[in-house]
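Q:
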Amino acid sequence: MNLYATLILAFGMSMDAFAAAIGKGASLHRPGLKEALRTGLIFGVIEALTPLIGWGVGIAASRYVMAWDHWVAFILLFILGARMIVEGLRKKVNAPEEAPERHGFWLLASTAVATSLDAMAVGVGLAFLQVNIVTTALAIGASTMIMASAGILLGRFLGPMMGRWAEIFGGLVLIGIGSNILIEHLGLLA
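Right under this line is the structure:
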């Protein structure tokens with residue numbers, strides 16, 4: 017795989033994290049660069065690890081992983097999205113100061129895992145190609161770190177405009193990402 021193909025793959029793999037990060041940033045109370053970089057780092061590291069795991073699994077048992085990865089991603093994203101929607105509905109209309117300053121590590125990590133399962137599936141496919149998996153995984157991780165950090169900062173500006181609807185929107189985005197993964201893998205939009 018050449019440099020351009022690697023960069024396109026890395027950018028494509030980071031788009032789910034970007035969309036999820038916008039929702040996460042919008043639900044926070046004025047997230048700064050430090051929180052954006054923290055979120056980007058968590059998403060980026062996890063997104064870099066999943067193709068490596070997928071590559072290893074692909075060598076061992078690709079058909080078993082690919083049979084279930086879309087269901088796992090859908091269920092995780094649906095649960096996280098539903099949780100965000102419920103939290104958004106519980107918030108008072110004019111209470112931006114009640115928004116958290118930052119998300120917990122485990123919430124970000126679980127969101128990152130859910131949005132990176134497609135990267136694991138790509139890793140399974142890369143096991144059958146002549147690629148340097150470490151370089152490819154690092155490119156995916158770096159791209160995801162940049163895009164997730166940018167998503168948090170973009171969410172910072174969208175959050176005040178949307179108020180409590182920001183978290184509801186973020187939850188809907190996560191459910192939409194999960195549904196899209198499921199629909200693509202089941203071939204329902206062929």
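Going by this note's numbering, the sequence shown opens with residue 17, and the numbers climb by one from there. Idealized CB from N, CA, C, for every residue including glycine. Every value quoted in this text rests on a predicted model; they were computed, and no experiment measured them.
Quick one: what's got a C-beta closer than 8 angstroms to Ile75's C-beta in the same chain, skipping five residues either side?
A: To locate residue 75, count along the sequence shown from 1; it is residue 59. Taking C-beta separations shorter than 8 angstroms and ignoring five residues to either side along the sequence, the partners of Ile75 in its chain run Ala143, following chain order.
Q: Classify Ala111 as buried or exposed, calling it buried when 16 or more other Cβ atoms lie within 10 Å of its own Cβ.
A: For the purposes of this step, residue 111 is identified with residue 95 of the sequence shown, where counting begins at 1. Caution is warranted here: a pLDDT of 49 is assigned to Ala111, below 50, making its placement in the model unreliable, and no coordinate value can be reported.
Q: Run through DSSP, which three-state label would Ser43 get?
A: Here residue 43 refers to the residue found at position 27 of the sequence shown. Looking at Ser43 - three-state DSSP - the assignment turns out to be coil, as it is neither helix nor strand.
Q: Can you round the beta-carbon distance between Ala52 and Val189 to whole angstroms, since I take them to be within the 8 angstroms contact cut?
A: As a first step, residue 52 must be located in the sequence shown, where it is residue number 36. As a first step, residue 189 must be located in the sequence shown, where it is residue number 173. Not quite, the Cβ-Cβ distance comes to about 17 angstroms (not below 8 angstroms), so this is no contact.
Q: Exposed or buried, which one is Ala21 when buried takes at least 16 other CB atoms within 10 Å?
A: The residue you call residue 21 lines up with position 5 of the sequence shown. Classification of Ala21: exposed, given that the 10 Å Cβ count is below 16.
Q: Are the beta-carbon atoms belonging to Ala26 and Ile156 less than 9 angstroms from one another?
A: By one-based count along the sequence shown, residue 26 stands at place 10. By one-based count along the sequence shown, residue 156 stands at place 140. Yes, Cβ-Cβ distance for Ala26 and Ile156 is below 9 angstroms.
Q: Would the segment 49-67 and the segment 123-139 be scored as touching if the rule is three or more Cβ pairs under 8 angstroms?
A: Taking a cut-off of 8 angstroms on C-beta distances, the segment 49-67 touches the segment 123-139, as three or more cross pairs fall below it.
Q: Starting from Leu142, trace the alpha helix (DSSP H) in both directions and tell me its first and last residue.
A: Mapped onto the sequence shown, residue 142 falls at position 126. Run containing Leu142: 121-142, per the alpha helix (DSSP H) assignment.
Q: Does Asn18 come out as helix, strand or coil in the three-state DSSP assignment?
A: Within the sequence shown, the letter at position 2 stands for residue 18. Asn18 falls in the coil class under three-state DSSP.
Q: Classify Gly48 as helix, strand or coil using the three-state DSSP reduction.
A: The count along the sequence shown starts at 1 and reaches residue 48 at position 32. Coil, per DSSP.
Q: Could you check which residue in Asn196, Ser165, Thr152, Ile91 has the C-alpha nearest to that of Leu23?
A: Along the sequence shown, read from residue 1 onward, the residue named residue 23 stands at position 7. Closest option to Leu23, Cα to Cα, is Thr152.
Q: If contacts are defined as beta-carbon pairs under 8 angstroms, then Ile168 and Lys40 qualify, I think. What distance do you get, rounded to the angstrom?
A: Against the sequence shown, residue 168 aligns to sequence position 152. Against the sequence shown, residue 40 aligns to sequence position 24. Distance from Ile168 to Lys40 at the Cβ level is roughly 6 angstroms; contact confirmed, criterion being Cβ atoms closer than 8 angstroms.
Q: Run the CB neighbour count on Phe173, radius 10 Å, all protein chains shown included, and call it buried at 16 or more, exposed below.
A: The count along the sequence shown starts at 1 and reaches residue 173 at position 157. Label assigned to Phe173: exposed.
Q: By alpha-carbon positions, which one of Ser165, Gly175, Phe90 ends up nearest to Leu215?
A: Coverage of the chain is limited to positions 17 through 206, which leaves residue 215 absent and any answer about it impossible.
Q: Check Leu169 in the structure and name its three-state DSSP category.
A: On the sequence shown, position 153 is the one that residue 169 refers to. Looking at Leu169 - three-state DSSP - the assignment turns out to be helix.
Q: Please say whether Leu154 and Ile58 have beta carbons closer to each other than 9 angstroms?
A: One-based indexing of the sequence shown puts residue 58 at position 42. One-based indexing of the sequence shown puts residue 154 at position 138. Contact flag unset, no.
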